[in-house]
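As you go down the protein sequences, you meet chains W and B in turn.
Numbering-wise (the working numbering), the first sequence opens with residue 439 and increments by one.
Numbering-wise (the working numbering), the second sequence opens with residue 439 and increments by one.
There are 2 protein chains.
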Amino acid sequence: MIDQASLLNPAGDGVTGLPGHQFVSTQGLALDCGLSLAPYTLAYTTYGQLNADRSNAILVCHALTGDQYVAEPHPVTGKPGWWDILIGPGKVLDTDRYFVICSNVLGGCMGTTGPSDVNPATGEPFGTNFPVITIADMVRAQAQLIDHLGIDQLFAVIGGSMGGMQVLEWAARYPTRVFAAVPIATAARHSAQNIAFHEVGRQAIRADPDWCGGAYQIAGKRPHRGLAVARMAAHITYLSEPALHRKFGRSLQAREQLSYGFEADFQVESYLRHQGSSFVDRFDANSYLYITRAMDYFDLAAEHGGQLADAFARTPTRFCVVSFSSDWLFPTAESRVLVRALNSVAANVSFVEIPTDRGHDAFLLDEPEFHQVLDGFLSGSAELRGLGRR
Amino acid sequence: MIDQASLLNPAGDGVTGLPGHQFVSTQGLALDCGLSLAPYTLAYTTYGQLNADRSNAILVCHALTGDQYVAEPHPVTGKPGWWDILIGPGKVLDTDRYFVICSNVLGGCMGTTGPSDVNPATGEPFGTNFPVITIADMVRAQAQLIDHLGIDQLFAVIGGSMGGMQVLEWAARYPTRVFAAVPIATAARHSAQNIAFHEVGRQAIRADPDWCGGAYQIAGKRPHRGLAVARMAAHITYLSEPALHRKFGRSLQAREQLSYGFEADFQVESYLRHQGSSFVDRFDANSYLYITRAMDYFDLAAEHGGQLADAFARTPTRFCVVSFSSDWLFPTAESRVLVRALNSVAANVSFVEIPTDRGHDAFLLDEPEFHQVLDGFLSGSAELRGLGRR
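Quick look at the structure:
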């Protein structure tokens, strides 16, 4: 396995060894917190070709621990892209037809400027001196990238979970730049329970002495134990109780009987430990702090005087809202809140709850009904947008 | 605040400074793991008077982080007993009428033998050399205490959560010794999701360098950070999403605006941090490992050849099964499994799901409908048992 750190900046000169593209914004960004970030870098990938009209671009927004490797093998883990199932020639996001863009979010750790990068003011990694960023900051940075690519209007902005928050922020902030929006398994604001789970993860990281008050890079350490615990806690919330029961139940791991000890007797324990230990190879602990914080802060109504509907007043965007029946992290009730707000401003919105027992993670998995819904919505929207029939 | 350690064994001579009684079993106990524990101590409290027939005793079984201070102030925290609302003169468990007994479970840290006690074989605290114990071990130890008190048959065994597991184990193991059983907010086996949450807590403790491989007492340390994270994660599962939303929503803690930092901006964060930091003053980290493990191992059907009904064949015990509608840790579906098994052996069983939005913790709270159900069941059972009318 390739170590993430060696890819990110092998020569220590700000140039990463990561596959994909980089956009360096010298213009910089005025952040919601009041500070500025200039210059900053967005690392991104593209698939397919931008057409002559520049009208076939789809921006895919990734979730908390995702990144830009959406349709190609991950450079650290070697695993297929996280939406490989949906993106490629002939697939739902058909790269023979669409130009698909995916950028690592601000605060991330896969080439986009984040807390593990060097602070030009000090010559040392930002650590917790990195400014706290918001979903809106992430989206404004993406908009600069889209400007840089010469695209006025995106055909579609699509994403699940935190990616869906970005979709909503895009549609609210740049209504004329988003022809179609697909917020999946998401919410217009982060719930108290979700903030609570994030806080557990952050406390687990901060409790690890190797976190070193955030300056672990300078200390030559990495808070792997704390980050693994954070991942384990979060991972439970991505699944459903029925899915855990179906997959693991109380089955024992490579043994016939209980061990009467604290090793991983149960398969579900072994699975969780693996989720924790493999995660730390590809993710940065401070990025985890910053990105969870951005999600906690997300409250689209609050950005619009307390009325969610006001975020979408007179929106020309076509919406397709998707939820999953067993998702208890972003339950269908959250999508209904969103749909009611869109309906109240007479927006063009369709809404589908996909029946599945796979919980929040369903948006990443082979869910044929979900893929059919997405395919139908994109095909219809493409025809309306003058991209022709498939 | 009184430090727990100073109460447990102030003189280092095995005699604690804790209020209540101690039962020392010189007979010892053959544990499910194959090891024996002899001698061992059970710390317990009693309220009310045992009648001449010795027929009015109620055993109350506590949950994971509970203890014997069920109806009197806690010696460490000073807070009222955890079921003070239910136990006392004129209350549902009327101490003018019943003799109420509550013992700290085996593996606990409030005076009953557990991992923080001195291992007679080494002269040092057991730590992780303490044998892994089970719910059945806890119950067999309690049965020795009940023998010691000269009680053949308990009028009732009552408990919620892990306490409910003990109630079920009592009824299955000693059917003629339990006149009435009240398993509340519990299950006949621990689910995959619940094992997963416990494993996160255990990993958080083990990740704390101050855990010292379990030998933190010898090292003069305590893994407070890991234990606090474990408690925070668990605490979320005790509440419901609607209760968290109602109590906290996205309200900010002692501030008007977001801080754009990592302090506890949201009330729910502040609340969780408090839950974590106050817990470590009254609980032992190794006890947390052992008791969560006992719950994970609980599978009453597995103890009876795979058929839950066989655990209750020909039971003479009267059952009152209680669940709470918003409890997602021990959902009503788990109680239904239990009730179906009891029905299939023609047991005398009533079952009530209490409507509430307070989640698993409801069994500890002022829930009038729950208390009425309990009162009705106990009064009717008391009359049948010849304890007269109230």
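Just so you know, even glycine gets a beta-carbon here, dropped at the ideal spot from N, CA and C.
For clarity, every value in this text was computed on a predicted model and none was experimentally measured.
List the residues of chain W that residue i touches, going by C-beta distances under 9 Å, in chain order.
| i | result |
| --- | --- |
| B:S629 | E679, L682, H683, G687, R688 |
Output the boundary residues of the alpha helix (DSSP H) element that contains residue i.
| i | result |
| --- | --- |
| W:L822 | 806-822 |
| B:Q582 | 573-586 |
| B:Q713 | 705-717 |
| W:H798 | Where W:H798 is concerned, there is no enclosing alpha helix (DSSP H), given that its DSSP letter is neither H nor E. |
| W:R640 | 630-645 |
| W:I674 | 662-676 |
| W:Y728 | 723-735 |
| B:A779 | 770-782 |
| W:Q655 | 654-657 |
Can you name the residues of chain W whose CB is closer than 8 Å to the CB of residue i?
| i | result |
| --- | --- |
| B:D765 | Here the premise fails: no neighbours, minimum Cβ distance about 12 Å. |
| B:L727 | F700 |
Are the beta-carbon atoms belonging to residue i and residue j less than 8 Å from one another?
| i | j | result |
| --- | --- | --- |
| W:S763 | W:A618 | no |
| W:L677 | W:D804 | no |
| W:T730 | W:G639 | yes |
| W:L531 | W:I523 | no |
| W:Q580 | W:R615 | no |
| B:R467 | B:L475 | Reading off the sequence, residue 467 of chain B comes out as Leu, not Arg. Against a cut-off of 8 Å, the Cβ pair of B:L475 and B:L467 comes out as a contact. |
| B:Q705 | B:L690 | yes |
| B:D722 | B:C547 | yes |
| W:F736 | W:H628 | yes |
| B:Y536 | B:I584 | no |
| W:P553 | W:Y728 | yes |
| W:L544 | W:T551 | yes |
| W:A749 | W:A610 | yes |
| B:Y482 | B:G458 | yes |
| W:L780 | W:F757 | yes |
| B:A626 | B:V775 | yes |
| W:G516 | W:A509 | no |
| W:I792 | W:E807 | yes |
| W:V667 | B:Q641 | yes |
| W:D555 | W:L469 | no |
| W:N557 | W:Q506 | no |
| W:H742 | W:L710 | no |
Check the Cβ of residue i against every Cβ in chain B and list those closer than 7 Å, keeping chain order.
| i | result |
| --- | --- |
| W:C471 | Y698 |
| W:Y735 | L696 |
| W:V570 | Y698, G699 |
| W:V775 | Neighbours of W:V775 on chain B: none; closest Cβ ~12 Å, over 7 Å. |
| W:A749 | In chain order: nothing, as chain B lies at least about 16 Å away. |
| W:R731 | F700 |
| W:V667 | V638, Q641, A642, A645, V667 |
Looking at the strands, I want to know which residues DSSP matches up with residue i.
| i | result |
| --- | --- |
| W:S761 | W:E791 |
| W:S474 | W:A468 |
| W:I498 | Reading off the sequence, residue 498 of chain W comes out as Val, not Ile. BP columns for W:V498 point to W:C540, W:I596. |
| B:T479 | B:V462 |
| W:D532 | W:G526 |
| W:Y485 | W:V538 |
| B:R627 | B:D737 |
| W:V556 | W:P563 |
| B:R756 | B:A618, B:N786 |
| W:L690 | W:F704 |
Residue i touches chain W at which residues, Cβ-Cβ below 7 Å?
| i | result |
| --- | --- |
| B:F635 | I674 |
| B:G664 | A645 |
| B:A671 | V638, A671 |
List, in chain order, every chain B residue whose beta-carbon is nearer than 8 Å to that of residue i.
| i | result |
| --- | --- |
| W:A559 | By Cβ distance, chain B contributes nothing, its closest Cβ being about 18 Å from W:A559, past 8 Å. |
What does residue i reach in chain B if we use C-beta pairs closer than 9 Å?
| i | result |
| --- | --- |
| W:Q691 | Going along chain B, no residue has its Cβ under 9 Å from W:Q691, so there is no contact; the nearest lies around 11 Å. |
Kindly indicate the opening and closing residues of the beta strand (DSSP E) around residue i.
| i | result |
| --- | --- |
| W:P680 | Per DSSP, W:P680 belongs to no beta strand (DSSP E); it is in the alpha helix (DSSP H), 679-685. |
| W:I622 | 616-622 |
Would you list, in chain order, the members of the region 703-715 of chain B that have their beta-carbon closer than 9 Å to a beta-carbon of chain W? Residues D703, F704, Q705, V706, E707, Y709, L710, R711, G714.
Contact residues within the region 537-557 of chain W, judged by C-beta distance below 7 Å to chain B: Cβ contacts with chain B: none found.
Give me the subset of the region 615-628 of chain W whose CB atoms are less than 8 Å from a CB atom of chain B, sorted by chain position. So the close ones are R627, H628.
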